Amino acid sequence: DRCRNCDKCQKACPLTALDQPYVLNVKKCMSYLLQTDKISENLKTVMENRVGDCEICQDTCPWNRKHLKSPLVTKMTHNFQKKIKDWGDSFYLPNLGRLSENGYKDMFGHLNTDIPYYLFHRNVLIAMKRAERLTQRANQ
Numbered sequence: 713d714r715c716r717n718c719d720k721c722q723k724a725c726p727l728t729a730l731d732q733p734y735v736l737n738v739k740k741c742m743s744y745l746l747q748t749d750k751i752s753e754n755l756k757t758v759m760e761n762r763v764g765d766c767e768i769c770q771d772t773c774p775w776n777r778k779h780l781k782s783p784l785v786t787k788m789t790h791n792f793q794k795k796i797k798d799w800g801d802s803f804y805l806p807n808l809g810r811l812s813e814n815g816y817k818d819m820f821g822h823l824n825t826d827i828p829y830y831l832f833h834r835n836v837l838i839a840m841k842r843a844e845r846l847t848q849r850a851n852q
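Numbered according to the numbering used here, the sequence shown spans residues 713 to 852.
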């Protein structure tokens, strides 16, 4: 048991999807919920700029730290990193919000993502509204 008394992932999950050690409640998991037709107000408040996935539990896991610092190097990850550099500022929310369905397929089709365009686009718009509200608050 590498986790021993560690509960960092459980504490980090904003939706308490890890409400028991070693057990993920998928119906509470942000990654799952971002890919469903209905988004609760609670999810809207915690999703921040996540539009298709959440890795909070993975990012906080001490056992994952070394992998996050030095990612797995494969031909696929190398090609993906190269492609990201080519995309430049395409990942800014306003640019993602302007993506057409064909643009979405061109950009993300090779990733075999399960999230359909209409859900991706909805999530981007929610994230953009949240960012706009935060900017307005900061400017007051």
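Ideal Cβ positions, reconstructed from N, Cα and C, are used throughout, including at glycine.
Predicted, not measured: the structure shown is a model, and the values here were computed from it.
Shortest alpha-carbon distance to residue 727 belongs to which of 843, 745, 806 and 715?
If we check each option's Cα against that of residue 727, 745 comes out closest.
Anyone know if the C-beta pair for residue 723 and residue 757 falls short of 9 Å?
No; because the gap between Cβ atoms is not below 9 Å, this pair is not in contact.
With 16 other CB atoms within 10 Å as the buried threshold, where does residue 816 fall?
Residue 816 should be labelled buried.
Can you tell me the Cβ-Cβ gap for residue 730 and residue 718, rounded? I've got them flagged as a contact below 8 Å.
Their Cβ separation, rounded to whole angstroms, is 12 Å, which puts residue 730 and residue 718 out of contact at 8 Å.
If I'm right that residue 863 touches residue 725 with Cβ under 8 Å, what's the distance once you round it to whole angstroms?
Because the chain is modelled from 713 through 852, residue 863 falls outside the range shown and cannot be assessed.
Assuming residue 751 contacts residue 838 (C-beta within less than 8 Å), just tell me the rounded distance between them.
Right, the Cβ-Cβ distance comes to about 7 Å (below 8 Å), so this counts as a contact.
Would you kindly work out how many angstroms separate the C-alpha atoms of residue 836 and residue 851, rounded to a whole number?
Approximately 22 Å between the Cα atoms of the pair.
Does DSSP classify residue 763 as helix, strand or coil?
Reduced to three states, the DSSP call for residue 763 is coil.
Starting from the Cα of residue 809, find the closest Cα among 849, 761, 769 and 797 and give me that residue.
Nearest option by C-alpha distance: 761.
Going by DSSP, what residue range makes up the alpha helix (DSSP H) through residue 729?
Per DSSP, residue 729 belongs to no alpha helix (DSSP H) and is neither H nor E.
Cα-Cα, which of 715, 755 and 842 is closest to residue 770?
Closest option to residue 770, Cα to Cα, is 715.
Since residue 819 contacts residue 811 with CB under 8 Å, what's their CB separation in whole angstroms?
About 7 Å separates the two Cβ atoms, so the contact holds.
For residue 822, count neighbouring C-beta atoms within 10 Å of its own C-beta (all shown protein chains included) and say buried if the count is 16 or more, exposed if not.
Classification for residue 822: exposed.
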